[in-house]
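Asker:
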Amino acid sequence: MSGGRRLINMNFETMDALYTKLLKINHLMSLSLAEIAKEEDLNPSELMIVLDVKNNPHTDLQSVCERLGMKKSTASKAIRKLIEVGYIENHVCESDQRKVSLVGKESTCHELCKESTLMTTFKGIDDPKYNVDTILSSLDDLLEILSENPTKPSEEE
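As numbered in numbering that gives the first Met the number 0, residues 0 to 156 make up the sequence shown, in order.
1. Around the Cβ of Tyr86, are there at least 16 other Cβ atoms within 10 angstroms (buried) or fewer (exposed)?
2. Does the contact criterion of 3 or more C-beta pairs under 8 Å hold for the stretch 11-31 versus the stretch 48-68?
3. Could you name each continuous alpha helix (DSSP H) segment of 4 residues or more that falls completely within the stretch 83-139, going from the start of the chain to the end?
4. Tell me which residues share the same chain as Leu145 and place their Cβ nearer than 7 Å to its Cβ, disregarding the 5 neighbours each side in the sequence.
5. Strictly by DSSP, which residues pair up with Thr58?
6. Enumerate in chain order the residues of its own chain whose CB-to-CB distance from Ser44 is below 6 Å, with the five nearest sequence positions on each side excluded.
7. Three or more beta-carbon pairs under 8 Å between the stretch 62-82 and the stretch 28-38, yes or no?
8. Under 8 Å by Cβ, that's how I've got Thr116 and Ile35 pegged, so tell me the actual separation to the nearest angstrom.
9. So what does DSSP say about Ala36, is it helix, strand or coil?
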């Protein structure tokens, strides 16, 4: 058994605990976003697009997809609906008709903003018993670990 394989076996319980906690976090975040989205007659993906466009005015489909980790077809369908119901507007570039920028409509997005969504999602985060800096640092570490190429063999193998 290689050194890399032993390391994986030795830490399986820890990795399983991390995975389980991430699933729980994902589930709770999804529930929170679904509740907020439901109040606006949106689904969670549509809510995230509205918030993203509002916070990144004059963005485009590709950029929205990259920031939210969405497939173009899914985002495009949601954006068409959001334009149709009046949450966002698309502005076609006069000099290049192929370029379209997306902007949140202030009249419909006034109450629906990232700040209020975050405050609802993370109510209680300012409690002194939580060390937010440690949480952020740990999440940064985890993002770095998860972003590494999983198909790249370890140097010990």
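Using N, Cα and C, we set each Cβ at its ideal position, and we do this for glycine too.
Answerer: Looking at the atomic coordinates:
1. buried
2. no
3. 105-108 and 113-120
4. none
5. Leu101
6. Ala77
7. no
8. 6 Å
9. helix
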